[in-house]
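Heads up: the structure comes next, in structure tokens.
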Amino acid sequence: MSSYYHQTQNFLQNYYNLSDQDIDVLLSKMPTTDVYQYIGHKAEILNTSFDPARSNRLQQKNYDNSYWQQSYDIIKAEHWPACNSIEDFYSLPLEIQQECKQVHKFSPDIWFDNNLTFESFTKSADWTYDILDLIKVNHLIFDNIDNITGKKVIDFCTHAGAISGLCLHHAASHVTFTEIRDPFLQLANKRMELMGFAPEQYASCLTDIHDYQTNTELCLGKDTVILSGVIYHVHDHYSILESIIQAQPKSVIIETCHYRPIADTAEPLIYWMCEETEKNTCNAYYKDYPVAMVGFPNLSWFNFTMNFFGYQESKRVSYDSWMPNEDILLKRTPSITRSVQVFTK
Ligand SMILES: C[S@@+](CC[C@H](N)C(=O)[O-])C[C@H]1O[C@@H](n2cnc3c(N)ncnc32)[C@H](O)[C@@H]1O
Numbered sequence: 005m006s007s008y009y010h011q012t013q014n015f016l017q018n019y020y021n022l023s024d025q026d027i028d029v030l031l032s033k034m035p036t037t038d039v040y041q042y043i044g045h046k047a048e049i050l051n052t053s054f055d056p057a058r059s060n061r062l063q064q065k066n067y068d069n070s071y072w073q074q075s076y077d078i079i080k081a082e083h084w085p086a087c088n089s090i091e092d093f094y095s096l097p098l099e100i101q102q103e104c105k106q107v108h109k110f111s112p113d114i115w116f117d118n119n120l121t122f123e124s125f126t127k128s129a130d131w132t133y134d135i136l137d138l139i140k141v142n143h144l145i146f147d148n149i150d151n152i153t154g155k156k157v158i159d160f161c162t163h164a165g166a167i168s169g170l171c172l173h174h175a176a177s178h179v180t181f182t183e184i185r186d187p188f189l190q191l192a193n194k195r196m197e198l199m200g201f202a203p204e205q206y207a208s209c210l211t212d213i214h215d216y217q218t219n220t221e222l223c224l225g226k227d228t229v230i231l232s233g234v235i236y237h238v239h240d241h242y243s244i245l246e247s248i249i250q251a252q253p254k255s256v257i258i259e260t261c262h263y264r265p266i267a268d269t270a271e272p273l274i275y276w277m278c279e280e281t282e283k284n285t286c287n288a289y290y291k292d293y294p295v296a297m298v299g300f301p302n303l304s305w306f307n308f309t310m311n312f313f314g315y316q317e318s319k320r321v322s323y324d325s326w327m328p329n330e331d332i333l334l335k336r337t338p339s340i341t342r343s344v345q346v347f348t349k
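Residue numbering for the sequence shown follows the numbering used here, beginning at 5 and increasing consecutively.
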């Protein structure tokens, strides 16, 4: 097993208090990592090429070199030098570079090829899931499986479809997913195809979450609405929830983050900030606005608003969103906490 795998295990044990057995159970509920890796890789390429300020994609800082390194380590012959970063590749002896390209289809050019197929993608056997993804889907999906299995689900702002794929993996009867960034919607469609789901099991829709009428139409006849990782990228939380509630879904699951100082206050509050819309493909989308005002409502705000719409909080879990690198190295408590709240009629 790679050091990355051990790092993940340690992290889940130490920061999220999961036992070995809990981790095994959690991993057993996840689909195999190959599609997750491939789609994650393609999403990362799109993310990298998305930022116009980054002229040289290979030098971008945020790329996770451990992923590259693990893939190289699989094909590496014993006598080959280490290649710990994408830049290291060009220092390898030429014949090794050539073998990497010709035999293993592995090089920075191939790595950053937008058209890289699933079949020629270099998968890593001992690669594991992103820690925060695991913790998040545990609270969001596995702990709410009654709202997923056998249910008609809509997953707003899906990015590359990870949450929707998991809902289908856990036998949702149908999943609709939405997204405003078309390349990501296409990736989400590709994910469903590669995971082996039939076209009639899911529907995708390119739409803006600020289009309230479409939200209502899409939610009609749905059992479960998922708003995951998106409600802190908008300014109009009330109107979005109102548009969803008009369709009277049985449950609404909100996964979001909160600004720690006001996360738990009894008063319904929103923390406001500005967000660059083009900095990251996960960020807010506001056409023609390079910077948008976005708000982080606290737990009470969601309660207050959903009660107003006639829904009750049936489940709540809050957790720290520890990230392995930043917060631990800086020995700081994250300023953000995360939660999952479930509201039912
Ligand atoms: C942080 S990602 C969350 C992805 C996914 N829901 C999850 O929980 O893993 C936020 C997503 O919301 C999308 N998004 C942001 N603003 C949007 C808008 N106005 N309409 C639709 N999607 C939007 C982004 O493109 C991005 O894919």
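Note that CB positions come from ideal geometry on N, CA and C, so glycine has one too. Fair warning: this is a prediction, and the values are worked out from it, not measured in the lab.
Mark Phe312 as exposed unless 16 or more other C-beta atoms lie within 10 angstroms of its C-beta, in which case mark it buried. exposed
Return the CA-CA distance between Val256 and Gln316, expressed in angstroms with no decimal places. 10 Å
Between the beta-carbon of Ala270 and the beta-carbon of Ser322, is there less than 9 Å? no
For the candidate residues Tyr263, Thr309, Met277 and Glu82, whose alpha-carbon lies nearest to that of Ala296? Met277
For Gly233, does the count of other Cβ atoms within 10 angstroms reach 16, so buried, or fall short, so exposed? buried
Compute the Euclidean distance between the alpha carbons of Ser75 and Ser243, then round it to the nearest angstrom. 45 Å
Is any heavy atom in ligand 1 found nearer than 8 Å to the beta carbon of Ala207? no
Where do the N-terminal and C-terminal ends of the alpha helix (DSSP H) with Val234 fall, by residue? Here Val234 belongs to no alpha helix (DSSP H), and DSSP marks it neither H nor E.
So, using beta-carbon positions, are Asp159 and Val141 closer together than 9 Å? no
Would you check if the distance between the CB atom of Ile235 and the CB atom of Pro301 is smaller than 9 Å? yes
Cβ-Cβ distance between Lys155 and Gly225 below 9 Å: no
CA nearest to the CA of Arg264, picked from Pro338, Ala192 and Ser304: Pro338
Helix, strand or coil for Lys283? Go by DSSP, reduced to three states. coil
Can you list, in chain order, the residues of its chain whose CB lies under 7 Å from that of Leu96, leaving out five sequence neighbours each side? Pro85 and Cys87
Would the beta-carbon of Pro253 fall within 9 Å of that of Asp227? yes
Does DSSP put Met297 in a helix, a strand or coil? strand
Just grab the DSSP bridge partners of Tyr275 for me. Phe300
Let me know if Val29 comes out buried or exposed under the rule of 16 or more other beta-carbons within 10 Å of its beta-carbon. exposed
Going by C-alpha to C-alpha distance, which of Asn51, Leu98, Pro35 and Thr126 sits closest to Tyr42? Thr126
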